[in-house]
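Just so we're aligned, residue 713 is where the sequence shown starts under the numbering used here, counting upward by one.
Idealized CB from N, CA, C, for every residue including glycine.
A quick note: this is a predicted structure, and the numbers were derived from the prediction, not measured.
Following: one structure in structure tokens, then a few remarks.
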Amino acid sequence: MSDSKLVNNAVRKLQDIFKNQKNIWMTALAVIGFSFIVTIIEFPCSAVIPVAFAAILTDFGIGMAAKGLYILLFMIFYLLDEIIIFLISVFTLRLWMGGQKMTTKLVLIQALIFILIGLFYVGRLVL
């Protein structure tokens, strides 16, 4: 099954769940599940962030329990953008796509964050 078929099947099932707004817990679970699917599909494109985060945790010598807690917190924030977008879509039944200017600004911010993470990590390796 290709990625597009997987996403189309998930979207179709979610639409059925969203039509029945009586069960808010099922809707919330569906949104989180769909966020998880999107994250798995896009993970190869954005794998540098979790890898850099794990490397930074290892460099600081954090214990296993604290490392697990930090990784759990990281995953919650990693999924947060998808969860927010899908919740807005569910409750407004529309999806807004940003324009070219907003996309350019967000890509610039993302690039600056990557540069700062890289400088921090390289600086720790040099010292």
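Rounded to the nearest whole angstrom, the CA to CA distance from S747 to I768 is 25 Å. Looking at G835, A766 and I736, the one whose alpha-carbon comes closest to that of F786 is A766. Within the region 773–818, complete alpha helix (DSSP H) segments of at least 4 residues are found at 776–804, given in chain order. A buried status is given to F798, since no fewer than 16 other beta-carbon atoms sit within 10 Å of its beta-carbon. Annotation for K779: L769 place their beta carbon closer than 7 Å to its own, counting only its chain and skipping 5 residues before and after.
DSSP places A759 outside both helix and strand once states are collapsed to three, so it counts as coil.
A residue is called buried when at least 16 other Cβ atoms come within 10 angstroms of its Cβ; V834 does not meet this threshold and is exposed.
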